[in-house]
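A.B. asks: Sharing a structure here in structure tokens format.
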Amino acid sequence: MRFSIASSLLFLTSAASAASSWGFKDGSATVSLLGGDGATAKFSNQEPAKNALVLGKADTIKVSLTTTEDSEAKRPHQAFIVITESTGIEVALPLDIKSSGKAVAAISHKDLAVPMLLSDEPLKVNLVLGSFGSSSPLISPVFNIEIYHVPNTPLPPFERPMRYGPRAEIHHIFKVGETSPPMIISVVFVTAIVCTFPMLLVAWNKLGANLDHLPKAVQAAPISHALFVGSIIAIEGSFFLYYVKWNLFQLLPVFMGLSVVTFLSGVKALSEVQGRRFAGER
């Protein structure tokens, strides 16, 4: 908790006049041990106890005082004991106050944050009183606390939280992606493609394909037929290169160029074939 309880109370009463103010009297803090009471410290308004109180793991510091408004015992609207560590960490504990102004509070290890329990410097304890009305609030140091740990006993575990700031550079090597599909898939598709060639030859044989017209077709439109067949073979070759080593950006320009050549040459070559069909040549 890095907010300041004291600052909040001062803000609430910033418009109050200095005609009256909150205070306290009969302030004392006693260390309660397992076998009885230990050291006792007296404190008053703006006059903290001279000696720090030692707080062990099984000990409890009992605080008692009487809150006043213009020297008259009275109950304020807000009353806290604020314990502050040297780094600025704060813990606020409310006082149990009766209508007569009698107030008590208890402080033990369980009420403190872990960094406070590990602190080598005394913890500063302040009393904060405030209320609605014209009376000025009070922030008064009352005593200090020294945390005691039994020698050779483990300390409470603590890992400092991550703060915003530069961190060590992260080096990460991503797994290299697969450059080709699994071998079994490649074998299946290659086999399927190869098997189509015998089927094509059988279909030509049954449909009566006539290779005797090949010289005449080449003679009538040699460039168109050569470009048409060559561009189809080139397209198949570009797909093979894409499978082996090319990427998509290398394939697309080549494929688009070959597609244009295939379309233009195919129109001329297939027109020649259509002319022979109309002439009754099979």
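Residues -18 to -1, 1 to 264 (mature numbering (1 follows the signal peptide of the UniProt record, and there is no 0)) are what the sequence shown spells out, left to right. Quick reminder that beta carbons are idealized off the backbone N, C-alpha and C, glycines included.
(1) Please determine if the segment 45 to 56 and the segment 2 to 15 are in contact, where contact requires at least 3 C-beta pairs separated by less than 8 Å.
(2) Ignore the nearest five residues each way along the sequence and tell me which others in alanine 216's own chain have a CB closer than 7 Å to its CB.
(3) Take the Cβ of asparagine 192 as the centre, count every other Cβ of all protein chains shown within 10 Å, and call the residue buried at 16 or more, exposed below.
(4) From the DSSP output, in three-state form, read off proline 76 for me.
(5) Measure the alpha-carbon distance for histidine 59 versus glutamine 28 and round it to whole angstroms.
(6) Could you compute how far the alpha carbon of alanine 208 sits from the alpha carbon of proline 163?
(7) At the level of alpha carbons, what is the spacing between leucine 16 and glycine 70?
(8) Would the beta-carbon of alanine 140 fall within 8 Å of that of leucine 100?
(9) Which residues share a DSSP beta bridge with serine 253?
(10) Can you tell me the Cβ-Cβ gap for valine 73 and isoleucine 43, rounded? I've got them flagged as a contact below 8 Å.
(11) Can you list, in chain order, the residues of its chain whose CB lies under 7 Å from that of proline 30, leaving out five sequence neighbours each side?
(12) Can you pull the DSSP bridge partners for residue 277?
(13) What does a CB cutoff of less than 6 Å around residue 265 pick up in its chain, not counting 5 residues either side in sequence?
(14) Does the beta-carbon distance from isoleucine 121 to valine 107 come in below 8 Å?
(15) In whole angstroms, give me the CA-to-CA distance for glutamate 254 and valine 242.
(16) Please classify proline 119 as buried or exposed, where buried requires at least 16 other C-beta atoms within 10 Å of its C-beta.
(17) From Tyr225, Leu189, Asp19, pick the residue whose C-alpha is nearest to that of glycine 38; which is it?
C.D. replies: The short version:
(1) yes
(2) Leu240
(3) exposed
(4) strand
(5) 20 Å
(6) 33 Å
(7) 31 Å
(8) At residue 140 the sequence reads phenylalanine, which differs from the alanine that was named. Result yes, Cβ atoms of phenylalanine 140 and leucine 100 sit closer than 8 Å.
(9) In DSSP, serine 253 forms no bridge with anything.
(10) Valine 73 to isoleucine 43, Cβ: 13 Å. No contact.
(11) Pro123, Val124, Phe125
(12) What the structure shows of the chain is the stretch from -18 to 264, and residue 277 is not part of that stretch, so it cannot be assessed.
(13) Since the first residue of the chain shown is -18 and the last is 264, residue 265 is not available in this structure.
(14) no
(15) 19 Å
(16) buried
(17) Asp19
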